[in-house]
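Residue numbers (the working numbering), protein chains in the order written: chain A, 133 to 246; chain B, 65 to 175.
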Amino acid sequence: EAGVVQSPRYKIIEKKQPVAFWCNPISGHNTLYWYLQNLGQGPELLIRYENEEAVDDSQLPKDRFSAERLKGVDSTLKIQPAELGDSAVYLCASSSRDSYNEQFFGPGTRLTVL
Amino acid sequence: KQEVTQIPAALSVPEGENLVLNCSFTDSAIYNLQWFRQDPGKGLTSLLLIQSSQREQTSGRLNASLDKSSGRSTLYIAASQPGDSATYLCAPRLNTDKLIFGTGTRLQVFP
Numbered sequence: 133e134a135g136v137v138q139s140p141r142y143k144i145i146e147k148k149q150p151v152a153f154w155c156n157p158i159s160g161h162n163t164l165y166w167y168l169q170n171l172g173q174g175p176e177l178l179i180r181y182e183n184e185e186a187v188d189d190s191q192l193p194k195d196r197f198s199a200e201r202l203k204g205v206d207s208t209l210k211i212q213p214a215e216l217g218d219s220a221v222y223l224c225a226s227s228s229r230d231s232y233n234e235q236f237f238g239p240g241t242r243l244t245v246l
Numbered sequence: 065k066q067e068v069t070q071i072p073a074a075l076s077v078p079e080g081e082n083l084v085l086n087c088s089f090t091d092s093a094i095y096n097l098q099w100f101r102q103d104p105g106k107g108l109t110s111l112l113l114i115q116s117s118q119r120e121q122t123s124g125r126l127n128a129s130l131d132k133s134s135g136r137s138t139l140y141i142a143a144s145q146p147g148d149s150a151t152y153l154c155a156p157r158l159n160t161d162k163l164i165f166g167t168g169t170r171l172q173v174f175p
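Here you go:
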């Protein structure tokens with residue numbers, strides 16, 4: 133069974149540029165999560181989707197961050213414009229109620245903003 | 065607000081030792097708790113999920129216990145190996161389906 137797929141794995145951009153991250157969850161998982169992980173810290177939830185609906189986006193900085201999950205499968209997280217402080221690892225995870233909502237994570241995208 | 069503390073922050077041991085990693089959380093109203101490992105530069109790998117109604121869960125050399133009322137979970141690693149070297153993260157899940165992560169225990173097992 134394929135795991136959570138994320139791309140790109142690494143991204144280097146200059147500040148004020150836009151950037152987008154893509155996630156393909158495990159097949160059949162209706163819940164998708166985007167997390168932010170700073171160096172030496174645990175991940176922090178940015179947004180959670182149930183199918184195509186964003187049910188928890190309280191931690192998403194909506195002035196510059198946006199996300200979508202069209203058709204309830206793949207998801208894209210966008211930052212526009214990027215700031216120096218956005219340098220971090222962006223992790224995607226998915227889960228299913230059939231397995232107690234155990235969360236499975238992708239490899240992450242490491243973003244560096246110069 | 066749920067706060068998660070993991071002790072110790074770092075641990076370096078010779079292979080073969082049995083290890084205890086501790087996790088405490090402030091809000092005992094949790095649905096379940098997951099333990100993850102994270103290798104440098106990689107994503108998180110789920111090790112064990114323990115339901116709030118369970119006392120412990122086992123997978124191979126790993127055993128996780130949960131004392132929900134006191135806000136504690138412990139991960140036991142038996143007969144540690146160099147391949148166990150990684151950061152271990154605990155994450156209780158609130159009833160709102162939100163995982164709250166600790167900062168992890170960095171484990172190094174040397175030959």
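Here a beta-carbon is modelled for each residue, glycine too, at the ideal position from N, C-alpha and C.
Query                                                                                                                                                           : Result
May I have the straight-line CA-CA distance separating I145/A from S133/B, to the nearest angstrom?                                                             : 47 Å
If you drop the 5 nearest sequence neighbours on each side, which residues of the same chain put their C-beta closer than 8 Å to that of L163/B?                : Q98, A155, P156 and R157
Specify, as a first and last residue, the run of the beta strand (DSSP E) that Y222/A falls within.                                                             : A220 to S227
Between L111/B and chain A, is any beta-carbon pair separated by less than 8 Å?                                                                                 : no
According to DSSP, is P175/B part of a helix, a strand, or is it coil?                                                                                          : coil
Where does the unbroken beta strand (DSSP E) through Q23/B begin, and where does it stop?                                                                       : With chain B represented from 65 up to 175, any question about residue 23/B goes unanswered, as that position is not in the structure.
Here's a check: name, in chain order, each residue in its chain whose Cβ is nearer than 6 Å to the Cβ of S88/B, leaving out the five neighbours to either side. : T69, G135 and R136
Taking the C-alpha atoms as reference points, what is the distance between N117/B and T244/A?                                                                   : The amino acid at residue 117/B is misidentified as Asn; the sequence shows Ser. Roughly 42 Å between the two C-alpha positions.
With Y195/B as the anchor, note down where its beta strand (DSSP E) starts and where it stops.                                                                  : Absent from the structure is residue 195/B, since the part of chain B shown begins at 65 and ends at 175.
For the candidate residues L111/B, K106/B and K65/B, whose alpha-carbon lies nearest to that of T90/B?                                                          : K65/B
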